[in-house]
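Asks:
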Amino acid sequence: MTTTMTFGQAVFGPRETALGNSGALVHDSRGFTANPSGMTGIRDWDFNSGTYISTAVPAQSFVFAGIGVGKHFLENHYLALQYSPGTSIDIIQPATVTVIGVNLPADRKFSYAEPFAAAYAYRLSDAFSIGLQGRVVTESVNDPQYQFEIKDTTIVPVSKEFRATTWFGDLSATWIPSPGVILSALVRGLLQAHGSELPVDFSTYRLPRDRRLELGASMSIMPSLTIAGGLSTSGTGSAGVEWSPGWNLSFRAGIYGDRDEKPFFYAYAAGIGLTYAFVELDAAYQFFADQAERRGTIFSGAFSPSSLRDIGLNRYTPDRASISVKAILGNIRESLARIEGIEMLGGVYPSAYEALAYRPIGKVRVRNIARKPIQARVTFFVDRFMDQPTESTPVYIEPGTAAEIPLTAVFNEQVKSIDRVTIREGTVSVSATVAEEYDDRAQTRVLIHGKNDWDGNVHNLRYFVTPDEPSVLRTSREILLQNKDSLGAVPKDLTAFRNAQVLFNTFARNLMYVSDPKQSADYVQYPTETLKLRGGDCDDMSVCFASLLSSVGISTAFVDVVPPNRPENSHIYLLFDTGVNPKFGSNIAANPKRYVIRKSKAGEDTIWLPIETTVTTRGFEAAWSEGAQEYFDDVEIGLGLVKGWVTIVDVN
Amino acid sequence: MKAGMIVLLGALTARAFAGDIVLQKTNGDVSIRHGVEEAWSAAAAGDVLKSDDTIKTGRKATAVLVATLERGGKAGRKSISLPPEVIVDLSDIRDLTQEELMLKLTMEKVRASSYQWKSNEMHMSPTTAVHGDDRSPGETLREVDPATGTMLFNGVRVLFNNGFYATCALKGIQVLRRYPVLDDQFAYRMLVAESLERADLRGEAISEYGAIADLAGLTAEQQETVRTKIEMLRKP
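In order, the protein sequence lines correspond to chains A and B. So the mapping is simple: this note's numbering equals the position in the first sequence, first residue as 1, plus 61. So the mapping is simple: this note's numbering equals the position in the second sequence, first residue as 1, plus 2.
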C-alpha cells in the first residue's frame, strides 16, 4: 500500500531557491520568511507572486504559489504580508472498510499548510536591522467513517474533520559589517501559540515544532559576483552564487545539504533573473539527487511527519520549476549613491566669496551603492546666503567604489553683511544619474567669517579690490578731473604713469597709515571704507590704491613678502603697470633699479613701478623709491621671488 | 613690521656679501649711484660701498674694488679691476649656487615667454575698459641709450673675468632684454653662453649656443666657433 502526496513548496521564491535560500540574501518581500530583517531593501511598495510546477506523479499543472506584498514606511520601518495557498502538502493514506461484504473507500487525508505569514522589520542603522515574523501553520486530518442507518438500512459516509492551528513567531537580525558583506541570523519557532490540537489518536501526525537557529552570510566578491551560504542547527546547510554580467540579467546556482539526507548534498538548483524597469522576473529549477520518495507515492509505513521540518522543502519535495514576478511600485527610484563623509576646507571669507564659486569650500565622499556605474553630483546650500543650491560637475563612480567630489558655493550679496564670525547650517545633497532627486542628504557646519576678514592668502586679497565701487570711481575721476590741464600735456605713452602719480599724491594727502586693528586675524578694509575712514594699514592702502588705479584702467599687482621663518613680518606693497615699453625706460627713471620689467596683461614686456603704500604722507616719489628699494632688496638681492618667499599676484 | 623685515634681509644677504666693498683706487671719472637713487655722485678711493650701489667708470677712467667674499666657506678679499666705460651693479659681485642660478634662469624664461597667470576662475575683464584710445600725437619718448647698454655689458665682462659666472649670465640676459639693439651682437651673446658654460650649466649653454647659431648675419668663422662649442659640450 502506498501513500499519495500532493505538494506545494512556495515559501521560497525562485530567486531564493536558486541561491540556496540563504537568509542573508533576503532584501525585499520575496522569501522574507527566511529572514524578515532583510526586508530593508524594500523601496516603497513591493508586490510579488509566483507559480510552480513539479515532476511528481500524478503530474500537475502550474500551481498558484501565493502572493506577497511589502511596504516601506516612516523611513526605517518595513512590513510584509504573504498569502501562500501553494505552501501545502497533502498525504492520502488509502484504506477501505468492508461493511456487510461491501468494500467502501475510507482514505485518510492529512494536510499541512503554511498559508499566511506577516513580518515587520526595523532598520536601526545602515548596518543593522532586526525583524519579527508570524507564521500560521495548519494541520488537518480527514478521517472518513461510515454510519449504518437502521431505519432504511443504508450506509451513510460520515467524514470526521480535525484541524489544528499553530502560530509561530520568529526573530531575526541582519548585520552589514562592511559594504558587500551581509550576515543574518534567524531563530525559527521562538514563540509558539496553539489555537487547537489534533486529537490524541492523530498526535503522531503532528508536525515537528522544535526551535532552531538559521545563520546566513553573503559577500559580493566583486561588483558582479555574490556568494552566499547558510547553516541551521537542525543540520542543514546551503550555498549559492549569483553572477550579474549586465544587461539586467542574473544567473544563479545553489546546492543544498542535510545530515539526514543521502547523499549529504541532496539537492541542486539553477536560476535566472531579469530586471526591467520596476519589474523583476525570476525562474528556477530545483532537482534532487535521490528521487526515491519524491515522486508523489511512497509506502504508507515510510511516511514520517517528523521529517516535515519545512513544508516548503523536505524529503518528499519533488523536482520543480518555479517562476515569480516582482513589481516595485510607489517611489520606485533606487538609491544609487550615499554620502560617506563631508570635509569643509575652511571658512567662508565674504571678501572672496566669488572665488568659492570656482574654488572648493569642501569635499564630499560619495559611494556608489548601485550595481552599475553612476554619474554623481553634489549640491551645497546655505540658507539665506545662497539663492539656490550650487551643484558640482558630475563625477563618474564605479560600482562599490567611492569618490571625493569638491563642493563649490555661489553665495549671494547677503554674505557681505556679516560683521563677525558666524556658524550656519549647510545642506549637502547627492544625486546620481537623475539630478531631480536626492539619494542622500546631510548637514554640516559652515564657518562664515566677517566681511573684512582675510585669510592671509595674497591671492584672495584681490577680491577686496573693488574698482567699480561708486566711491572709488568718483574719487579717481574727481582727482583726474582736477588735474586735467597738467595731465593733458603728458605724452600719451606716459599717461598711466602720470595718472598714477597724481592719484597717489592726492590719495596720500588724505590718508594716514594705521596698524591693523585686529591681531588675531587679518582685517582688510574695502576701498570705500579706507576712503571714508581716511586710513588703514599696508593691506588696506594697497587694496585702496589698487582699486583707484584699476578704476582708471591701470593694471596692478600685489607683492607679498613673507620672510622665511618670520611670517609675522609679512608685508605687502604694490606694483602698477605704466604701460611703457622697456626701450623707453629712461623716460621713467634713469636708474633701472627703480622699475621692474614684467609682462603686461597683453603679454608684452612693460615697465612696472613698485609702490610702498604705507609712506603715504611723503608722496609718490618717496613711495616709489621705498617700493623700488624693497623690491630690489627682496627680489634681486634676497632672491625672494625664486626662493618662494616673495609672491607677485596680478590683481586684474 | 618693516624695520624687522629690513634687519632680516640683512641677515639673508649676509651669505652673499660677507663684507663691505671698498673702492681701493680710482683713476679718472668714477661715479657711484646709491641704491635706487637717480643721480650719480663722484667716488673717491677709500669709499666704502654698499651691495645695492652701482659704480661707473668714465671714458678714460679705471678703478679697483676690493670685496670681501665668502667662497668655499671662507671669507677672503678679492680685487676687481674696472676698465674704462663700465657700469657694474655691486649686487652682482657675489656667487650664486647652481640652484639659485637655475631658478633665476627659469624665471627669466617664464618672464620672456608669453606666460600669463591663469586659473579655473572666471575671467573678469577690467572694470574700466579703455575705448577710443587717444589718437592725438603726443611727445615722442626717447629710447634708452645703446651706449649705456654697452657700458653695462662691459660690466658683464668684468663679472666674467672675475669668475662671477652666475651673475654674469643673468645680468647679460637682463641687459640684452633691456637693450634689444644689442641682442644680435655676437660677442655679447657668446659672453652669456660662455658664462653659462663656466657655471656648469651645460644644457643651458648648449641651448644658448644654439640660439646664437640661429642669429642672422654670422660669419663663417663665427658659425664655426659656435658649432665647435656645441660639439664640445655635447661630448660626454
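Note that CB positions come from ideal geometry on N, CA and C, so glycine has one too. This structure is a prediction, so every number in the text was calculated from the model and none was measured.
1. By DSSP, does glutamate 110 of chain B sit in helix, in strand, or in coil?
2. What in chain A is Cβ-close to proline 182 of chain B, meaning under 9 Å?
3. Going by CA-CA distance only, name the one from B:Leu203, B:Met192, B:Ala218 that's closest to serine 230 of chain B.
4. Could you tell me which residues DSSP pairs with tryptophan 669 of chain A in its beta bridges?
5. Mind checking valine 482 of chain A: buried by the 16 CB within 10 Å criterion, or exposed?
6. Can you tell me which of the three DSSP states asparagine 521 of chain A falls into?
7. Measure the alpha-carbon distance for arginine 79 of chain B versus threonine 28 of chain B and round it to whole angstroms.
8. Please confirm whether alanine 496 of chain A has its beta-carbon closer than 7 Å to some beta-carbon of chain B.
9. My guess is that leucine 610 of chain A and alanine 561 of chain A are in contact by the Cβ rule of under 8 Å, so how many angstroms apart are they, rounded?
10. Just to check my reading of the structure: proline 260 of chain A and phenylalanine 223 of chain A have Cβ atoms closer than 8 Å, yes? What is that Cβ distance to the nearest angstrom?
11. Flag glycine 37 of chain B as yes if its beta-carbon sits less than 7 Å from any beta-carbon of chain A, otherwise no.
12. Are at least three pairs of beta-carbons, each pair with one atom in the stretch 428-447 of chain A and one in the stretch 529-539 of chain A, less than 8 Å apart?
13. Pick helix, strand or coil for alanine 79 of chain A, following the three-state DSSP scheme.
14. If we define contact as Cβ-Cβ less than 7 Å, is tryptophan 706 of chain A a contact residue for chain B?
15. Chain B beta carbons: is any one of them nearer than 7 Å to that of isoleucine 288 of chain A?
16. Can the beta-carbon of proline 176 of chain A be found less than 7 Å from the beta-carbon of aspartate 168 of chain A?
17. Would you identify the three-state DSSP class for tyrosine 410 of chain A, choosing helix, strand or coil?
18. Using the Cβ count rule (16 or more neighbours within 10 Å means buried), how would you classify glycine 705 of chain A?
19. Just curious, the alpha helix (DSSP H) that tryptophan 685 of chain A is in, first and last residue?
20. Residues of chain B with CB under 8 Å from arginine 655 of chain A, in chain order?
21. Would you call the stretch 509-516 of chain A in contact with the stretch 539-556 of chain A, where contact means no fewer than 3 C-beta pairs closer than 8 Å?
22. Have a look at glutamate 459 of chain A and glutamate 404 of chain A and give me their C-alpha separation to the nearest angstrom.
23. Taking the alpha carbon of glycine 640 of chain A as the point to measure from, which residue in A:Val712, A:Lys660, A:Asn626 has its own alpha carbon closest?
24. Does the beta-carbon of threonine 567 of chain A have 16 or more other beta-carbons within 10 angstroms, so that it is buried, or is it exposed?
25. Taking lysine 553 of chain A as the reference, which of B:Leu105, B:Leu107, B:Asp216, B:Leu143 has the closest Cα?
26. Quick one: Cα of valine 66 of chain B to Cα of glutamate 629 of chain A, how far?
27. Are the C-beta of glutamate 102 of chain B and some C-beta of chain A separated by less than 7 Å?
28. Alpha carbon to alpha carbon, how far is arginine 595 of chain A from leucine 572 of chain A? Give it in angstroms, no decimals.
29. Assuming contact is defined by CB atoms lying nearer than 7 Å, are isoleucine 422 of chain A and leucine 390 of chain A in contact in what I supplied?
30. Quick one, are the C-beta atoms of aspartate 244 of chain A and aspartate 231 of chain A less than 7 Å apart?
31. Pick from A:Phe108, A:Asp187, A:Glu200, A:Gln194: whose alpha carbon is nearest that of isoleucine 150 of chain A?
32. Can you list, in chain order, the residues of its chain whose CB lies under 8 Å from that of leucine 274 of chain A, leaving out five sequence neighbours each side?
33. Going by DSSP, what residue range makes up the alpha helix (DSSP H) through lysine 231 of chain B?
34. Which word fits proline 643 of chain A, buried or exposed, when buried means at least 16 other C-beta atoms lie within 10 angstroms of its C-beta?
35. Which partner residues of lysine 80 of chain B appear in the DSSP bridge assignment?
36. Could you give the first and the last residue of the continuous alpha helix (DSSP H) run that contains arginine 426 of chain A?
Replies: Quick look at the numbers:
1. helix
2. Pro643, Lys644
3. The sequence shown places threonine at residue 230 of chain B, not serine. Comparing Cα positions, the closest option is B:Met192.
4. A:Asp638, A:Val657
5. exposed
6. helix
7. 18 Å
8. With a pLDDT of only 42 at alanine 496 of chain A, under the threshold of 50, the placement of this residue in the model should not be trusted, and no figure is reported.
9. 6 Å
10. 6 Å
11. yes
12. no
13. helix
14. no
15. no
16. no
17. coil
18. exposed
19. 680-692
20. Val38, Glu40
21. no
22. 22 Å
23. A:Lys660
24. buried
25. B:Leu143
26. 42 Å
27. yes
28. 4 Å
29. no
30. Note that residue 244 of chain A is leucine in the sequence shown, not aspartate. It is not a contact, given that the beta carbons lie outside the stated cut-off.
31. A:Glu200
32. Ala246, Leu247, Val248, Arg249, Ser293, Thr294
33. 222-236
34. buried
35. B:Ala69
36. Here arginine 426 of chain A belongs to no alpha helix (DSSP H); instead the beta strand (DSSP E) covers 423-429.
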